[in-house]
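Counting from 1 along the first sequence, just add 84 to a position and that's the residue number in the numbering used here. In this text, a Cβ means the ideal position worked out from N, Cα and C, and glycines have one as well. Step one of this worksheet: look at the structure below.
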Amino acid sequence: MAESPLPSPTPHPDPLPSRERGYGDHESSEDPLHVLRHSTAHLLAAAVMELYPDAKYGIGPPVQDGFYYDFAFSKPISESDLGAIESRMRRIAQEDRPFVKEVMSRHQALDEFRKRGQDYKVELINDKVEGDEVTVYRTGDFLDLCRGPHVRSTKELKAFKLLRVAGAYWRGDEKQPQLTRIYGTSWPSAKELEEHLKFLEEAEKRDHKKLGKDLKLFMVDERVGPGLPLWLPAGATIRRELERFIVDEELARGYVHVRTPDVARLDLYRQSGHAKLYAEYMYPPIRFEDGEELELRPVNCPHHIVIYQSELRSYRELPLRIAEIGNNWRYERSGTLIGLNRVRMFALNDAHIFCTPDQLMDEVKSSIDLALYFSRVLGIDEFSYRLSTRDDAKEKWLGTEEQWQVAEAALSEALESMGQKYERGVGEAAFYGPKIDFQVRDAHRREFTNSTVQVDFQLPERFDLEFVAEDGSRQRPVMVHRGAAGSMERLFSYLIERYVGAFPTWLHPVQVVVIPITDAERDYAKRVVERLRKAHLRVEIDDRSERMQRKIRDAQARKVPYMAIVGGREAESEHVNVRDRAGGQTDEALEAFVERVAEEVAERRR
RNA sequence: GCCCACGUAGCUCAGGCGGUAGAGCAUUUCCUUGGUAAGGAAAAGGUCCCCGGUUCGAAUCCGGGCGUGGGCUCCA
């Protein structure tokens, strides 16, 4: 298979630590924007402490586009309280209070924070601060454990806004008390603040949930259930095109495609390890009176393994690439569901490559190459790589240290040899092995994994996989799990936002709307429709008794790529007057138009 | 699952400090046949998310659910 030239992904603008960190973990950044936002967080805490003297404060770092601060309030607060807090912040900002750095002894600092009843700060000093010196910052009466740096004075904080409140567990731990997090945004100037608020508004309009409803792409209904979207005809059309494209490309690259059931006996997942290590996401098994236990599959791998084992495999057959767009059922916690990005059943563009250890590197590389090819054709031009590795929690992972190292080396080497840059995600691995994740962002700049490539030595062992080697001996294959285009749901969600509903012609649910100007052109319009259909294009006729302007407006709202407008002149000359969704207008012979659109579709131009 | 907000017609949203609701768009019918982003008229459309409580009376107040959105934890 051809290794196409690899484009480097465009890095995300201003990448920030993806995970919130406690004092001591988070970098004390010199970045002026971070300093500004961090200082605004202190300002927020100062205002909160004036208004709610018995509140306890946790941590307050800068984050993407802004900052937050966590508090424990004696009485819960809500978004309606933010106005008052913000006014108090402005007042303090006006007062021109300096940010004063002080270094205290450990003992002195503990004493200070104890005196103020700030238990969380005391805990942080005890757990996180090493040595005997503790750096604190004072802003008027407000005292915070902090490395800084900060702006000189509160007066430099001019363009900020509190956005929302949310619950957040202390130190990111579900077992710890939940604090009230206040999010805000802060910028050097009012103009930038304005622009950012504008961006948030725009993001709202691009949101796939909104467009999905407006363009009738998909829906959710509580009678069906949360996290279980229904693909409407328009959305299903796009999905069908995507699936055809994906499957055809995989077949061309030496994959075989299979179809396997959405359920299997629970024992299969006992053997794979999912029943134990993945239990929290699995639906309760369906139990029958005769003792049968069927499980909705959370992953496809065991089914594909069964197919692998349906014959004695020779080294000559390897690599064997078994692919399927298979449904995966995962009972995600209700609070985590997000539109199409996080659902309870999704269809994964999945494949399992069974190969010899020698073939591993090539298979990893070609998996990456395939993901890049899909990205290029589909227009996924903003993503970053994450090499997801295990952490030290022994009970979470299968296999030996050494196997993990080999697998990880294969992945990082593959990336490096392809000249790709990546970040590390410690603790983000699958339980059976490390993976390369392709991270994309949604309209609100939230990061999601779409494509993924994983190396696995565990499942081959658990299922005792083998192949017959050249010398006749039985050997163990390695597995590569890969989702090249990711899940259909996430992919779709990404594409909706990427194109703001104006999908490339090959994907668009309706490629051409034929608009007769008066009833006199109806017959000709119908012939135009037939001609376009014959070229396998998706066509509609708009012969409502409405004015042409109205029909154009409606087609435009649906972001239909082409409007073929036919009046007397066109009917006379076998022409169509074509208006595209960008507003361009041309007059052309019907045949020329058919040919040109068919070609655009065939080439999957965007 | 936890925190905050929200849930009124198919959609977007008004209204309502307790006396059973309204607009625009969409839908249906009629009129209109108009050359590049909304022609006109009429009609129809609502257990005001659900269940309980308070009350002479609840869409409105209270309690409990469910769902959606944004966070947290977690992840394709």
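Nearest residue (CA-CA) to residue i, options the options
i	options	result
Asp346	Trp413, Lys300, Phe283	Trp413
Asp138	Phe155, Leu127, His126, Asp149	Phe155
Tyr153	Glu327, Gly251, Val681, Ser571	Gly251
Arg290	Ile580, Gly668, Asp521, Tyr646	Ile580
Arg248	Ile437, Ile169, Ile391	Ile169
Pro645	Val594, Tyr399, Ser162, Ala363	Val594
Phe225	Arg198, Arg265, Arg181, Gly268	Going by the sequence as given, residue 225 is Asp instead of Phe. Closest option to Asp225, Cα to Cα, is Arg181.
Asp351	Glu327, Arg324, Pro386	Pro386
Gly410	Gly567, Leu208, Tyr457, Leu499	Gly567
Arg628	Arg622, Asp638, Leu621	Asp638
Ile520	Phe547, Ala455, Gly463, Arg530	Ala455
Val623	Trp488, Lys610, Glu630	Lys610
Asp203	Ile176, Arg222, Tyr221, Pro261	Pro261
Lys140	Val206, His191, Arg121	Val206
Leu312	Arg343, Leu421, Leu295, Gly144	Leu421
Tyr415	Pro369, Ile437, His388, Leu404	Pro369
Gln178	Ala243, Leu117, Glu507	Ala243
Per DSSP, the bridge partner or partners of residue i
i	result
His565	His436, Gln538
Ile266	Tyr153, Val249
Arg222	Val184, Leu227
Val510	Thr473
Val347	Leu380
Ile649	Ile599, Asn661
Lys140	Ala156
Thr533	Gln523
Glu691	Outside the modelled stretch of the chain, which goes from 85 to 690, sits residue 691, for which no answer is possible.
Leu314	Met303
Where the beta strand (DSSP E) through residue i begins and ends
i	result
Gln443	No beta strand (DSSP E) holds Gln443; DSSP gives it neither H nor E.
Glu362	It is worth fixing the name first, because residue 362 is Tyr in this sequence and not Glu. Counting along the chain, Tyr362 falls outside any beta strand (DSSP E), and DSSP gives it neither H nor E.
Lys519	519-525
Glu377	377-380
Asn425	Unbroken run through Asn425: none, as it is neither H nor E.
Pro600	596-600
Gly35	The requested residue 35 does not occur in the structure, where the chain is confined to residues 85 to 690.
Glu624	623-625
Coil, strand or helix - residue i by DSSP
i	result
Pro544	helix
Phe372	coil
Ala168	helix
Gly106	Low local confidence applies: a pLDDT of 35 at Gly106 is under 50, so the model's placement there is unreliable, with the coordinate-based value given in what follows. In this structure, Gly106 counts as coil in the three-state DSSP scheme.
Lys505	coil
Pro386	helix
Thr670	strand
Trp271	strand
Asp664	strand
Leu495	helix
Val685	helix
Lys159	coil
Trp481	coil
Phe587	coil
His234	coil
Phe677	helix
Gly570	strand
Phe302	strand
Arg690	coil
Phe551	strand
Glu500	helix
Range covered by the alpha helix (DSSP H) that runs through residue i
i	result
Thr124	116-135
Arg634	632-641
Arg606	606-618
Ala693	Residue 693 lies beyond the stretch modelled for the chain, which goes from 85 to 690, so this question has no answer here.
Lys212	203-212
- Query: Touch check for the region 220-233 and the region 174-187: three-plus C-beta pairs under 8 Å?
  - Reply: Of all C-beta pairs linking the region 220-233 to the region 174-187, three or more are shorter than 8 Å, placing the two stretches in contact.
- Message: Pairs of beta-carbons, one from the region 517-534 and one from the region 289-309, closer than 8 Å: are there three or more?
- Response: With the rule of 3 Cβ pairs closer than 8 Å, the region 517-534 counts as touching the region 289-309.
- Query: Looking at C-beta atoms only, is the number of pairs between the region 655-663 and the region 558-567 that lie closer than 8 Å three or more?
  - Reply: Taking 8 Å as the limit for Cβ pairs, the verdict is that the region 558-567 does not touch the region 655-663.
- Would you check if there are 3 or more beta carbon pairs closer than 8 Å linking the region 330-339 to the region 370-382? No, because fewer than three Cβ pairs between the region 330-339 and the region 370-382 fall closer than 8 Å, the two stretches do not touch.
- Query: On the three-pair Cβ rule with 8 Å, is the region 583-592 touching the region 469-484?
  - Reply: No, they do not touch.
- Message: Pairs of beta-carbons, one from the region 416-428 and one from the region 391-405, closer than 8 Å: are there three or more?
- Response: Cβ pair count under 8 Å is below three, so no.
- Task: Would you be able to state if there are at least three C-beta pairs under 8 Å between the region 162-178 and the region 138-150?
- Result: Touching, no.
- Do the region 541-559 and the region 274-287 make contact, defined as three or more Cβ pairs closer than 8 Å? Contact fails between the region 541-559 and the region 274-287, because fewer than three Cβ pairs, one in each stretch, are under 8 Å apart.
- Task: Determine contact between the region 444-454 and the region 534-545, defined as no fewer than three beta-carbon pairs at a distance below 8 Å.
- Result: Result yes; three or more Cβ-Cβ pairs closer than 8 Å.
- Task: Count the C-beta pairs between the region 312-325 and the region 296-304 that are closer than 8 Å, then say yes if the count reaches three, no if not.
- Result: Put simply, the region 312-325 touches the region 296-304. At least three CB pairs are less than 8 Å apart.
- Query: Quick check: the region 348-362 against the region 544-553, are there 3 or more CB pairs under 8 Å?
  - Reply: With a cut-off of 8 Å on Cβ pairs, the region 348-362 is in contact with the region 544-553, counting three or more such pairs.
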